[in-house]
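J.: One structure, pasted below without further comment.
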Amino acid sequence: MTKKLMMLTVLLLICTTVLCAQTPKYPTAGGHWAAISAGFGMAIASGLCGLAQAKAVAAAAEGMARNPGAAASIRFALLLGLILIESLALYTLVVIFVQVG
Amino acid sequence: MHEPELFVTQLLNNNLAGLGNSLIGLVGMAPQQRPWANYIAMQLLVVLLTIVLFAILKPRLSVDRPGKLQHIFELVYEFVTGQADEQVGHDGYRYVTYFGTVFLFVLFCNLIGLIPGFESPTMIPSVPAGIALATFCYYNLAGIQANGILKYAAHFAGPIWWMAPLMIPIEIVSHMARPLSLTIRLFANMFAGEKVTEVFLKLTLLFVPTLFMGLHVFVSFLQAYIFMLLTMMYVAGAVSHEH
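Quick look at the structure:
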């Protein structure tokens, strides 16, 4: 365990020298269109994410209603699915913050 | 958009600026006037609080008459080991240390932002990136330690050997996407929670921001659990090959 920890620390320290390099900021070409497309992009991502999560919740609720004994596993699968779908919408948000700021 | 400094960061910058400058000099950055950033100070505070918490817990552990703190930590321990057994299988106990650390660290980092005067370090993209990078190194190292480096590299080729030229780029891309998705998921959830509370604070001023802070508590727990769960799944995938 100590050797693994040592290797992990060394790997991380090597990575820090690479990661501390900063790239210069380039001005985004496009101007005010960036804000409009950001709004549309986020709306589309959130809408589709909402539809997908609704399907997941509906299937999970029906499964738990049909088979209450399996509720724990269904709940686990539901949570995992919801989080992974949510993160897809959040990737769009991150792109917006990188572009529009 | 310069963030105003928190109380803890001001303490560190006023008194320990020299230490901060020598630390950032170690990785080659130029010395600055106020080297301690908010998120560094908050992470150190979380580490300090966790150490103090466990230092308070240790002498109170008892088999016959467990106290309240022991009950709480027994819950956490059973939760983490139960999930590790379910995900990783019979070898899960070796990795429980790392899983528990990730869970508690991410959880406390997320929750400390709710206290006024403190900010979640996980709101800054570097902090989730650091934890995700540590997870990436950890699951690869665990896989190499469990299977040997040749067998571990061989499992990138997939189950059928003649599909390897197709499988290897796909597997490499999917492995590269893992720390990226871990980072962005945690960062975006915490950042969005903070921004939403801020916006509603500007709009309505009284009761509505507390609803969003309540939601943020729930999201903090969920995101810490998901980070730990995904770490377990990656370790399970790396370790369980032909074992």
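Protein chains in written order, with this note's numbering: chain Z, 928 to 1028; chain R, 1126 to 1368. Note that CB positions come from ideal geometry on N, CA and C, so glycine has one too. All figures in this text were calculated on a predicted structure; none of them were measured in a lab.
Look at the alpha carbon of R:M1320 and the alpha carbon of Z:G968, and state the distance between them as a whole number of angstroms.
T.: The displayed chain sequence assigns Lys, not Met, to residue 1320 of chain R. Computed Cα separation, rounded: 19 Å.
J.: Hey, quick one: how far does the alpha helix (DSSP H) through R:S1187 stretch, first residue to last?
T.: From DSSP, R:S1187 is part of no alpha helix (DSSP H); its letter is neither H nor E.
J.: Any beta-carbon of chain R closer than 9 Å to the one on Z:F967?
T.: Output row for Z:F967: interface = no.
J.: Is it buried or exposed, R:H1196, if we count other Cβ atoms within 10 angstroms and call 16 or more buried?
T.: With fewer than 16 Cβ atoms within 10 Å of its Cβ, R:H1196 is classed as exposed.
J.: Would you call the region 1136-1148 of chain R and the region 1219-1232 of chain R touching, i.e. three or more CB-CB distances under 8 Å?
T.: Too few Cβ pairs lie closer than 8 Å, so no.
J.: Which two residues bound the contiguous alpha helix (DSSP H) that contains R:D1210?
T.: Start and end: 1193-1213.
J.: Distance, Cα to Cα, R:G1242 vs R:F1132?
T.: Their backbone Cα atoms lie some 7 Å apart in a straight line.
J.: How do the region 1249-1265 of chain R and the region 1350-1362 of chain R stand: do at least 3 beta-carbon pairs fall below 8 Å, yes or no?
T.: As far as the Cβ criterion goes, the region 1249-1265 of chain R touches the region 1350-1362 of chain R, which means the pair count is three or higher.
J.: Let's see if you can read the secondary structure: which residues bound the alpha helix (DSSP H) around R:K1320?
T.: Here the alpha helix (DSSP H) through R:K1320 covers 1289-1328.
J.: Using a Cβ-Cβ cutoff of less than 6 Å, which residues in the same chain neighbour Z:Q980 once the five nearest sequence positions on both sides are dropped?
T.: So the qualifying residues of the chain are L1009, I1012.
J.: Got a sec? Which residues, its chain only, sit under 7 Å from Z:I1001 by beta carbon, not counting five neighbours each side?
T.: Closer than 7 Å at the Cβ level, and outside the excluded window around Z:I1001, lie A987, G990, M991.
J.: Would you mind reading off the limits of the alpha helix (DSSP H) that contains R:W1161?
T.: It is not in any alpha helix (DSSP H) - R:W1161 carries neither H nor E in the DSSP assignment.
J.: Any beta carbon of chain Z sitting closer than 9 Å to that of R:I1309?
T.: For R:I1309, the answer is yes, since a Cβ of chain Z falls inside 9 Å of its Cβ.
J.: Rounded to the nearest angstrom, what separates Z:L975 and Z:L1015 at their Cα positions?
T.: Going by the C-alpha atoms only, they are around 10 Å apart.
J.: Taking DSSP as the reference, what is the three-state secondary structure of R:F1078?
T.: Residue 1078 of chain R lies beyond the residue range present for chain R, which begins at 1126 and ends at 1368; the question has no answer from this structure.
J.: Compute the Euclidean distance between the alpha carbons of R:F1337 and R:L1305, then round it to the nearest angstrom.
T.: Computed Cα separation, rounded: 27 Å.
J.: Taking the C-alpha atoms as reference points, what is the distance between R:F1343 and Z:A972?
T.: Roughly 23 Å separates the two Cα atoms.
J.: Can you say whether R:T1329 is buried or exposed, counting buried as having 16 or more other CB atoms within 10 angstroms of its CB?
T.: When all chains shown are included, R:T1329 counts as exposed.
J.: Reducing DSSP to helix, strand and coil, say where Z:P995 ends up.
T.: Helix, per DSSP.
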